[in-house]
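In the numbering used here, the protein residues as written are 984 to 1285. Positions of the beta carbon are idealized from the N, C-alpha and C atoms, including for glycine. Since the structure is predicted, the reported quantities are computational estimates derived from the model, not experimental observations. Here is the structure we will look at, set down as structure tokens.
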Amino acid sequence: MVRSTSGSKAASSTLSNKARAKPPAPHYLGGSNNLVGERHRRQVAETTLQDTKLSLRTVTHELVPQVEELAKAIKTIQIEKHQQLDLDEAAQEILEDIQQQLNAIETQQNNFPRAVEDRLDQLMQQISEQATGDKYLTASHEFLTKRMNAVDDAVDCVRKEVARAGELQYEAKQSLNKRVSELDEKLFGFDKELLKIKLALPSAIAAQMPTAFSDQVSSRKLAELPLGGMALQQKLQEISQDIVSLKADAVVYRAADRKQFDGFTNRLRESLKSHQSMKKELDTRLQQMQLCYDQVGSHEVL
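In structure tokens:
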């Protein structure tokens, strides 16, 4: 466009120079030289004006599309510039977000050993508590077993004592019956001798003497034997009550020991469940941290 305008200007300047260089030809209308020169100048000016208008039209027809294209190009450049600015802003935001993520990952990376140590300390403490609980449970189980064995031994001893007391009672009863039968035989002999004496003595003296020794002794025996039987029965009742109380105590001890053993078992199960859940959580966090390390390494490589 600039070259065409400069070419048209050069052509018009050469024409005007040629017109000035040539001497003015005589006009067909005639007249003075000044008039002829004036007419010639007007003709040259009109020719130059027409050439200028023609070149201006040409330049206008050539420049308008170029100006329009230039305006379109400017608009396109402005749009691209706005888009580039938007892309730069988005890239800046993405970079800031990535920087924040990297800072967070770096913070997690710095805090990870401490967190792992704290978690390991907690796990070790829980394991030690669990081991202490296991020892306490084992000791309690052994203590309860010894206690139950002691209770069983005590019950066996009581049973043996009861059996021995029963045997002794039976033997005492047999010996007592034997002695009573011997005394009855002796009294029967005394009664015979007394009867012989009564028969030998006068009737007045015989009336003052007792009728028979067996009646007095049997009445005493009947009065004394129930007392011994009641005492023996009372002793047997006391022994049976002691046995019942020992059985009740044994049942109570067994129920309490069973309840305590169930409580220890439930605590052990809960501690195992918590240990497994904490182990799973630790594995998950380790996997997440490994992924974060891999991502950080890939960003550094990029």
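Coil, strand or helix - residue i by DSSP
i: Q1273; result: helix
i: T1267; result: helix
Euclidean distance between Cα positions of residue i and residue j
i: A1098; j: C1275; result: 16 Å
i: Q1066; j: T1043; result: 34 Å
i: N1093; j: T1121; result: 43 Å
i: K1064; j: A1056; result: 12 Å
i: L1265; j: I1062; result: 53 Å
i: R1040; j: Q1026; result: 21 Å
i: E1045; j: K1058; result: 21 Å
i: Q1109; j: V1235; result: 33 Å
i: G1172; j: D1135; result: 54 Å
i: C1140; j: R1241; result: 24 Å
i: L1292; j: S1158; result: Outside the shown range of the chain, which is 984 to 1285, sits residue 1292, and nothing can be said about it.
i: N1256; j: A1073; result: A small correction: the amino acid at residue 1256 is Lys; Asn does not occupy that position in the sequence shown. Computed Cα separation, rounded: 48 Å.
i: Q1199; j: R1147; result: Here Q1199 scores only 47 on pLDDT, less than 50, and its place in the model should not be relied on; the value that follows carries that caveat. So the alpha carbons of these two residues sit roughly 35 Å apart.
i: L1018; j: T1030; result: 18 Å
i: Q926; j: K1143; result: In the structure as shown, the chain begins at 984 and stops at 1285. Residue 926 is therefore absent and cannot be evaluated.
i: P1209; j: Y1153; result: Any reading at P1209 needs caution, since the residue's pLDDT is 41, under 50, leaving its predicted position unreliable; the model's value is listed next. So the alpha carbons of these two residues sit roughly 16 Å apart.
i: A1239; j: K1118; result: 19 Å
i: L1078; j: L1085; result: 10 Å
i: E1052; j: I1081; result: 42 Å
i: N1132; j: D1167; result: 51 Å
i: Q1270; j: D1101; result: 18 Å
i: D1071; j: I1060; result: 16 Å
Sequence-distant residues of the same chain with beta carbon closer than 7 Å to residue i, five excluded per side
i: R1250; result: G1116
i: F1095; result: M1272
i: K1263; result: none
i: E1165; result: none
Neighbourhood of residue i by C-beta distance below 6 Å, restricted to the same chain and skipping five residues each side
i: G1211; result: Residue placement at G1211 cannot be trusted, given a pLDDT of 45 that sits under 50; what the coordinates show is reported in the next sentence. If we look at G1211 and ignore the five residues flanking it on each side, it has no Cβ neighbours.
i: Y1011; result: Because the pLDDT at Y1011 is just 48, under 50, the model does not fix this residue reliably, and the value given afterwards should be weighed accordingly. Counting only Cβ-Cβ distances below 6 Å, and skipping sequence neighbours, we find nothing.
Residues of its chain near residue i, where Cβ-Cβ distance is below 8 Å and the 5 sequence neighbours each way are ignored
i: E1112; result: S1254
i: Q1278; result: I1088
i: Q1091; result: M1272, C1275
i: A929; result: An answer regarding residue 929 cannot be provided, because it is not within the stretch 984 to 1285 covered by the chain.
i: H1258; result: L1106, Q1109, I1110, Q1113
i: V1047; result: none
Contact belief for residue i with residue j at Cβ below 8 Å, rounded distance in angstroms
i: L1106; j: M1261; result: 6 Å
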